[in-house]
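Have a look at the structure below before the remarks.
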Amino acid sequence: MKTKVRSNWSHAVLVCKKCSKKLEKKGRGFGPDDKRLSAALKRELGAGKGRKAQVGVIEVPCLDICPKGGVVVIDSRRPQNWRILTPDAPFADEIETLR
Ligand code: FES
Numbered sequence: 057m058k059t060k061v062r063s064n065w066s067h068a069v070l071v072c073k074k075c076s077k078k079l080e081k082k083g084r085g086f087g088p089d090d091k092r093l094s095a096a097l098k099r100e101l102g103a104g105k106g107r108k109a110q111v112g113v114i115e116v117p118c119l120d121i122c123p124k125g126g127v128v129v130i131d132s133r134r135p136q137n138w139r140i141l142t143p144d145a146p147f148a149d150e151i152e153t154l155r
């Protein structure tokens, strides 16, 4: 069995799945198409599917921050600074640091 698997990811972006679902239920989304955050990030960051993507966008369980009206996001390059993205802020500006 293999013990290592290569990927093309430069970094990973962890997105709280529960936050995203809460906003989705309220009919709120991100990006020009009002999509769920992970889908919008994959599109905007050019992240495809799986390990051949340039950036990994991964939905994770609740991170125990639970902001109202936002989604908790962690950039693997800056794990000491968690971010809360809201649908009200300009999406392009919000994700600039995640590229
Ligand atoms: S629901 Fe997202 S941090 Fe708890």
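Heads up, the sequence shown is in the numbering used here, so the first residue is 57 and it goes up one at a time.
Using N, Cα and C, we set each Cβ at its ideal position, and we do this for glycine too.
Let's test the definition: count the other Cβ atoms within 10 Å of the Cβ of residue i and tell me whether it reaches 16, buried, or not, exposed.
{"i": "Cys75", "result": "buried"}
{"i": "Ile121", "result": "exposed"}
{"i": "Ala148", "result": "exposed"}
{"i": "Lys105", "result": "exposed"}
{"i": "Cys72", "result": "buried"}
{"i": "Pro117", "result": "exposed"}
{"i": "Val113", "result": "buried"}
Is residue i near the ligand FES, with its Cβ less than 7 Å from a heavy atom?
{"i": "Asp89", "result": "no"}
{"i": "Asp131", "result": "no"}
{"i": "Ile151", "result": "no"}
{"i": "Lys60", "result": "no"}
{"i": "Leu119", "result": "yes"}
{"i": "Lys81", "result": "no"}
{"i": "Val113", "result": "no"}
{"i": "Lys124", "result": "no"}
{"i": "Val69", "result": "no"}
{"i": "Lys105", "result": "no"}
Round the Cβ separation of residue i and residue j to the nearest angstrom and send it over; I've been treating them as touching at under 8 Å.
{"i": "Leu79", "j": "Val129", "result": "Actually they are not in contact, since the Cβ atoms of Leu79 and Val129 sit about 13 Å apart, beyond 8 Å."}
{"i": "Val111", "j": "Ser66", "result": "6 Å"}
Determine which residues share a DSSP beta bridge with residue i and list them.
{"i": "Cys75", "result": "In the DSSP output, where bridge partners are listed per residue, Cys75 has none listed."}
Task: Every unbroken beta strand (DSSP E) within the stretch 77–149, with a cutoff of 3 residues, ordered by chain - done: 112–116, 127–131, 139–141
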